[in-house]
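**Student:** Please read through the structure below; I'll follow up with questions.
There are 2 protein chains.
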Amino acid sequence: MSAQARRRYVALTDGYLADVHHAKTAHGVLRYGRDDVVAIIDPEFAGRRLRDVVPSIDRDVPVVASMREALAFSPTSLLVGVAVSGGELPPKFRAHVLDAIDGGLEIVNGLHQFVTEDAEFVARAKTSGARLWDVRKPPDDIALFSGEAYGVPQIVTLAVGSDCAVGKMSVMLEITAAAIAAGALAEFVATGQTGIMIAGKGICVDRVISDFVSGAAERLVLGVAADTEYTFVEGQGSIIHPAFAAVTYGLMFGSAPDVLVFCHDVERKTIGDGEFDVAIPDLKMLCNLYESTLAPIKPAPCVAVALNTRNLSAAQAQAHLQQVQAHTGLPTDDVVRFGGSKLWHAVRAAGERTPKWLALRQAARG
Amino acid sequence: MSAQARRRYVALTDGYLADVHHAKTAHGVLRYGRDDVVAIIDPEFAGRRLRDVVPSIDRDVPVVASMREALAFSPTSLLVGVAVSGGELPPKFRAHVLDAIDGGLEIVNGLHQFVTEDAEFVARAKTSGARLWDVRKPPDDIALFSGEAYGVPQIVTLAVGSDCAVGKMSVMLEITAAAIAAGALAEFVATGQTGIMIAGKGICVDRVISDFVSGAAERLVLGVAADTEYTFVEGQGSIIHPAFAAVTYGLMFGSAPDVLVFCHDVERKTIGDGEFDVAIPDLKMLCNLYESTLAPIKPAPCVAVALNTRNLSAAQAQAHLQQVQAHTGLPTDDVVRFGGSKLWHAVRAAGERTPKWLALRQAARG
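If you're matching them up, the sequences are chains A and B in order.
Under the numbering used here, the first sequence is numbered contiguously, ending at residue 374.
Under the numbering used here, the second sequence is numbered contiguously, ending at residue 374.
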């Protein structure tokens, strides 16, 4: 299937559909992807509709128990739609994947464990003609960071945050959508498996050899469409995450942002929800730490705070947003609930204070 | 050749022998390695002795022009002794490596470009029986960081610094030697190719997939001999190096140090000696940035400054050391020139202020 053809996905979430952490790949594609999702395989919720299980996603998709049932919806591709710790294929997923391969479906896999390196999958795909695509496999020819990223004409915004899985990708997608709605030429840059499935391109930076992470991030910001004015880079991890900070820092330094948007889940009190004994510090202090870290290299201010308030009532959420806005002194919003417009304005205003902005205006007039 | 057998190395530096940056692998093994080095191949300096070309290394090794001449010294192994940017084998090294393979010598290679993935090398080695060892190839089974490193009984010291190639490995080796000389049970932990060649074990953390860098560092500190009291971890890069900071941060968070030793080359004014337009900031400010970065996770103080003053006179060096010591308020020395004793005392004093120390004392009384 060509990169431009529209897929008809079956999303495989067996047991994880209602789990916002582990099914974030499936949820992201369902919420933001350009492709169709014709069915979801999850026996636990079979017979229900997506919106009954995950009310926050406004797509009507049937949930079925097996690949056999899903085939009735004429799918082209199977989306392996979970992101479990360690990145391995959950054992019960294996039979579904084999069924899909035997049915000739393309397998689109975002896990660390590659389907293209699994002898059984490869052999069965050879027989059926199914295509295997490991989204996390980075290109072979990533160069070391060169500094060329410092010269890109676009105003580059990077999502940073307090932890993994606080909503950085969604924040960048929502602000990109708001920028485009406001008439700006904006592009979302994907750095993780879900983002790549949504955007159709990108590099999983956490899968890149550590020496080359900054080089991978640089390549991504150099690769946006030439007429782009605002680049929105999907962030990864957190500078205080003991397991994944290497990825975060490599992305920060390699993408050479002009502007940061700080993302946080209001319910998150410790890194990895207690996986490590690391408390998330005061948000203003953490924003300052991001700025201090970049200051010796290429300074970039935190210009907005994006909060994930999904389990608060609308009134509670607004009160919380007000409180964080007062405390940090930065425009604060939940862009998934209330749209990306407010934070887009904050980014645009900050962009207009960078030296790049005048050149962009001149190019636009050109 | 077994891990315990003593090698008789030929070091290959063709053109780089006098270059402290690019020949740092060869220099490190010559200065600190437990193995013999029976000859150096470098046509530019052929006919001279090592100490005439690199006076700071107190080993007497002949320099020859070719592998053919080197074979007269009955070597067991060829050391590929350069570390060039990008990590590729310099083209003129190829013929020397082939000659060594044909002579049945083990090839010990620290470059990114693996000899075990070069079809010609592999075929010729198959014929001659030569062993090919890519020191930079990390193990296949590195786990994600688990937090287990927080529980190691040893007092862990990590070398940090202002840039790459300022002497972090040598500093840790000299302080380890001083600790052992003072009767402590100390182990050096190697994280780069030269260190691994010196120590006989370790992981090249910069070659590990970025998600797993912290896990690799954790595995290294968990892997020291059980009776070790002080672990000295070779540092990598700098938190202000735009290309390599991902490695630095992963190593910092994964090794979970109790104590930091800050390393700097007094002649270095910008990152990569001008490769990037990033000035090295005030050293005290940079020490503070290291501490601020670790503070939210596991705090570790900078307890000493190790300066590389190799091109200053002894009097100039002493004046500079005094000045930096007064400015930072930290014990400061050039451990390569003046020995590791002073900084070892600073580490030991800091170790005695950690909660681990009492447990170590009790275990020693055991």
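Using N, Cα and C, we set each Cβ at its ideal position, and we do this for glycine too.
Remember, it's a predicted structure, so these values are computed and weren't measured experimentally.
Per the contact definition of three or more C-beta pairs closer than 8 Å, is the segment 11-27 of chain B in contact with the segment 255-263 of chain A?
**Tutor:** No, because fewer than three Cβ pairs between the segment 255-263 of chain A and the segment 11-27 of chain B fall closer than 8 Å, the two stretches do not touch.
**Student:** Counting contacts by CB-CB distance shorter than 7 Å, is V221 of chain A in contact with chain B?
**Tutor:** Chain B contact via Cβ: present.
**Student:** Output needed in chain order: residues of the segment 134-159 of chain A with a Cβ under 7 Å from some Cβ in chain B.
**Tutor:** Within the segment 134-159 of chain A, the qualifying residues are L152, F153, G155.
**Student:** How about D43 of chain B and R67 of chain B: are their beta carbons less than 7 Å apart?
**Tutor:** Cβ distance not < 7 Å, so D43 of chain B and R67 of chain B don't count as in contact.
**Student:** Would you say I204 of chain B faces chain A, with C-beta separation under 7 Å as the test?
**Tutor:** No - not a single Cβ of chain A is within 7 Å of the one on I204 of chain B.
**Student:** For the beta strand (DSSP E) that contains A314 of chain B, what are its first and last residues?
**Tutor:** First-last of the beta strand (DSSP E) with A314 of chain B: 310-316.
**Student:** Just to make sure I have the definition right: I need the residues of chain A whose C-beta is within less than 8 Å of the C-beta of S218 of chain B. Which are they?
**Tutor:** V213, D214, R215, V216, I217, S218, V221, A254, V255, G258, listed in chain order.
**Student:** If you reduce the DSSP assignment to three classes, tell me which class A47 of chain B lands in.
**Tutor:** A47 of chain B: strand per DSSP, three-state reduction.
**Student:** Can you tell me the Cα-Cα spacing of V71 of chain A and V37 of chain A, whole angstroms?
**Tutor:** Going by the C-alpha atoms only, they are around 15 Å apart.
**Student:** Would you verify that the beta carbon of A91 of chain A is, or is not, closer than 7 Å to some beta carbon of chain B?
**Tutor:** No, A91 of chain A lies away from the interface with chain B (no Cβ there is under 7 Å from its Cβ).
**Student:** In whole angstroms, what is the alpha-carbon distance linking G223 of chain A and S93 of chain B?
**Tutor:** Those two C-alpha atoms are separated by around 13 Å.
**Student:** Taking A308 of chain B and L268 of chain B to be in contact with their CB atoms under 8 Å, please state how far apart those CB atoms are, rounded to whole angstroms.
**Tutor:** That belief holds up - the Cβ atoms of A308 of chain B and L268 of chain B are roughly 5 Å apart, short of 8 Å.
**Student:** Between which two residues does the beta strand (DSSP E) containing A186 of chain B stretch?
**Tutor:** From DSSP, A186 of chain B is part of no beta strand (DSSP E) but of the alpha helix (DSSP H) over 176-189.
**Student:** Taking Cβ positions only, does F261 of chain A come closer than 7 Å to chain B?
**Tutor:** True, the Cβ-Cβ gap to chain B drops below 7 Å.
**Student:** Are the C-beta atoms of V241 of chain A and some chain B residue less than 7 Å apart?
**Tutor:** Closer than 7 Å: no.
**Student:** So that I know if they touch, is there some Cβ in chain A lying closer than 7 Å to that of F101 of chain B?
**Tutor:** Cβ-Cβ to chain A under 7 Å: no for F101 of chain B.
**Student:** Opposite W141 of chain A in the DSSP bridges: which residues?
**Tutor:** Paired residues: A:V116.
**Student:** Does the beta-carbon of P99 of chain A have 16 or more other beta-carbons within 10 angstroms, so that it is buried, or is it exposed?
**Tutor:** Result: exposed.
**Student:** Relative to the C-alpha of R139 of chain B, which candidate in B:L86, B:E182, B:G155 has its C-alpha closest?
**Tutor:** Closest option to R139 of chain B, Cα to Cα, is B:L86.
**Student:** To test your reading of the DSSP string, which unbroken alpha helix (DSSP H) runs of 4 or more residues are found completely within the segment 245-329 of chain A?
**Tutor:** Runs of the alpha helix (DSSP H) inside the segment 245-329 of chain A: 253-263, 291-302.
**Student:** Is the segment 321-335 of chain B touching the segment 182-191 of chain B, taking contact as three or more C-beta pairs under 8 Å?
**Tutor:** Contact fails: fewer than three Cβ-Cβ distances are below 8 Å.
**Student:** Nearest chain B C-beta to V355 of chain A closer than 7 Å, yes or no?
**Tutor:** It does not; no Cβ of chain B falls within 7 Å.
**Student:** Pick from B:S218, B:G95, B:G245: whose alpha carbon is nearest that of G245 of chain A?
**Tutor:** The option with the nearest alpha carbon to G245 of chain A is B:S218.
**Student:** Is V267 of chain B close to chain A? Criterion is C-beta to C-beta, closer than 7 Å.
**Tutor:** For V267 of chain B, the answer is no, since every Cβ of chain A falls outside 7 Å of its Cβ.
**Student:** Start and end of the beta strand (DSSP E) containing Y17 of chain B?
**Tutor:** Start and end: 16-20.
**Student:** Reducing DSSP to helix, strand and coil, say where R132 of chain A ends up.
**Tutor:** Looking at R132 of chain A - three-state DSSP - the assignment turns out to be helix.
**Student:** If we count the other Cβ atoms within 10 Å of its Cβ and call it buried at 16 or more, is D182 of chain A buried or exposed?
**Tutor:** Strictly speaking, residue 182 of chain A in this sequence is Glu, with Asp absent from that position. Result: buried.
**Student:** The alpha helix (DSSP H) with Y40 of chain A in it runs from where to where?
**Tutor:** Residues 32-40.
**Student:** Taking all protein chains shown into account, do 16 or more other C-beta atoms lie within 10 angstroms of the C-beta of D290 of chain A, making it buried, or fewer, making it exposed?
**Tutor:** When all chains shown are included, D290 of chain A counts as exposed.
**Student:** From A372 of chain A to V168 of chain B, what does the alpha carbon distance come to, in whole angstroms?
**Tutor:** So the alpha carbons of these two residues sit roughly 45 Å apart.
**Student:** Closer than 7 Å, CB to CB, is P289 of chain B near chain A or not?
**Tutor:** Yes, its Cβ sits closer than 7 Å to a Cβ of chain A.
**Student:** Quick one: Cα of I206 of chain A to Cα of G41 of chain A, how far?
**Tutor:** Between I206 of chain A and G41 of chain A, the C-alpha separation is close to 4 Å.
**Student:** How many whole angstroms separate the CB atoms of A225 of chain B and G175 of chain B, which I take to be in contact at a CB cut-off of 8 Å?
**Tutor:** That pair is no contact at about 20 Å.
**Student:** Determine the direct distance from the alpha carbon of G155 of chain A to that of G347 of chain A, and round the result to whole angstroms.
**Tutor:** Rounded to whole angstroms, G347 of chain A to G155 of chain A spans 34 Å at the Cα level.
**Student:** Mapping the DSSP letters down to three states, classify V123 of chain B as helix, strand or coil.
**Tutor:** V123 of chain B falls in the helix class under three-state DSSP.
**Student:** Under DSSP, the beta strand (DSSP E) around F101 of chain A begins and ends at which residues?
**Tutor:** No beta strand (DSSP E) contains F101 of chain A, which is instead part of the alpha helix (DSSP H) from 101-110.
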